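Numbering (this note's numbering), first residue to last: 1 to 287.
Given below as structure tokens:
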């Protein structure tokens with residue numbers, strides 16, 4: 001009788017273990033089969049990062065690439081290119097140091113016509129490269145390497161319409177400035193520099209700094225007093241007593257985290273340039 005009772009207990013114990021653990025065959029999954037148990041990770045390959053998915057399907061990204069293309073192609077049209085003969089051959093987002101730019105190449109089956117860097121945030125051209133004339137490439141008839149390329153570029157960008165005016169011209173480099181009114185003064189707060197290297201295949205550089213006037217503006221030293229201080233500083237090296245150019249500038253207006261925006265007079269005496277602080281008359285820089 002005791003033996004029967006022990007055998008019954010042993011059988012019941014084995015049944016309980018099997019019930020709790022389940023059949024081993026039922027727990028194993030075939031290679032590649034997904035584990036669908038809640039709370040357990042899938043064995044499938046991980047999904048691509050969100051950034052890759054957005055780049056392919058995000059309407060915002062598509063709108064941005066369309067806007068970048070429009071900026072680059074529109075610029076070439078304003079220079080006189082026939083856009084119907086051209087297409088975007090490459091478009092990619094490039095993280096470069098402190099900013100993000102789009103690298104854009106435009107051409108056709110015969111090769112590249114132009115390359116651009118377009119600022120991701122502002123959609124402004126940062127730098128560019130051209131091929132104005134090459135066999136098989138349709139280039140504008142009214143543009144040649146001997147022309148005033150900085151002036152043509154400024155016109156195509158529309159600097160005049162944006163309030164900029166030419167202040168310095170030195171060979172292949174032009175500087176344009178935009179001014180803000182302060183009492184009877186006009187103070188330069190933005191500038192745009194276009195540099196075209198002598199080598200036609202080199203990159204054309206665009207340096208753009210757009211700012212706004214930062215009060216308080218303190219002008220204790222007027223034009224004549226500032227000229228006297230500049231000439232006194234230069235001494236015998238000054239060429240003449242009247243500067244060849246005069247400007248009033250507020251430095252650093254484009255700096256988002258700036259705290260000091262000094263206003264200064266800029267005087268050019270031939271090739272020499274002197275900056276005189278308009279608040280205290282100190283010489284800030286001379287070259």
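Backbone N, C-alpha and C define an ideal beta-carbon position, used for all residues, glycine too.
Keep in mind it's a predicted model, so treat the numbers as computed, not measured.
- Ranked by how close their Cα comes to the Cα of residue 233, the residues 287, 91, 90 and 171 have 287 in first place.
- Collapsing the DSSP output to three states places residue 233 in a helix.
- Secondary structure within the segment 45-131: the beta strand (DSSP E) runs of 3 or more consecutive residues, fully enclosed, are 87-96, 99-108, 111-119 and 125-130 (chain order).
- For residue 82, the closest of 114, 95, 163 and 91 by C-alpha to C-alpha distance is 114.
- For the 8 Å CB-CB criterion, residue 178 and residue 163 form a contact.
- Cβ neighbours of residue 281 within its own chain (closer than 6 Å, five residues either side excluded): 221 and 229.
- Contact annotation: the segment 238-256 touches the segment 205-221, with at least three C-beta pairs closer than 8 Å.
- In this structure, 194 is the residue among 199, 194 and 94 with its C-alpha nearest to the C-alpha of residue 207.
- Each residue's CA atom was taken as its position, placing residue 201 and residue 116 some 13 Å apart.
- Take the alpha-carbon of residue 78 and the one of residue 192: they are about 19 Å apart.
- By the criterion of a C-beta distance shorter than 8 Å, residue 73 is surrounded in its chain by 83, 86, 88 and 106, once the five residues flanking it on both sides are discounted.
- A straight-line Cα-Cα distance of about 6 Å links residue 167 and residue 175.
- Looking at the DSSP output, residue 166 bridges to 176.
- Residue 245 counts as exposed, since fewer than 16 other beta carbons sit within 10 angstroms of its beta carbon.
- Rounded to whole angstroms, the gap between the alpha carbons of residue 108 and residue 90 is 11 Å.
- Cβ neighbours of residue 227 within its own chain (closer than 7 Å, five residues either side excluded): 243 and 267.
- Under the three-state reduction of DSSP, residue 247 is assigned to strand.
- Spanning the alpha carbons of residue 76 and residue 125 requires a straight line of approximately 12 Å.
- DSSP, reduced to helix, strand and coil, places residue 242 outside both helices and strands of the structure shown, so it counts as coil.
- DSSP places residue 212 in no alpha helix (DSSP H); its state is neither H nor E.
- Sorting 258, 190 and 198 by C-alpha distance to the C-alpha of residue 209 places 190 at the top.
- When the five nearest sequence neighbours on each side are left out, the beta carbons in the same chain lying within less than 6 Å of the beta carbon of residue 112 are those of 105, in order along the chain.
- Distance from residue 71 to residue 123 at the Cβ level is roughly 5 Å; contact confirmed, criterion being Cβ atoms closer than 8 Å.
- Residue 219 places its beta carbon 8 Å or farther from that of residue 154.
- Between the alpha carbons of residue 263 and residue 67 lies a gap of roughly 37 Å.
- In this structure, DSSP gives residue 279 a state outside helix and strand, which the three-state scheme calls coil.
- Taking the Cα of residue 69 as reference, the smallest distance to any Cα among 165, 119, 99 and 148 is reached at 119.
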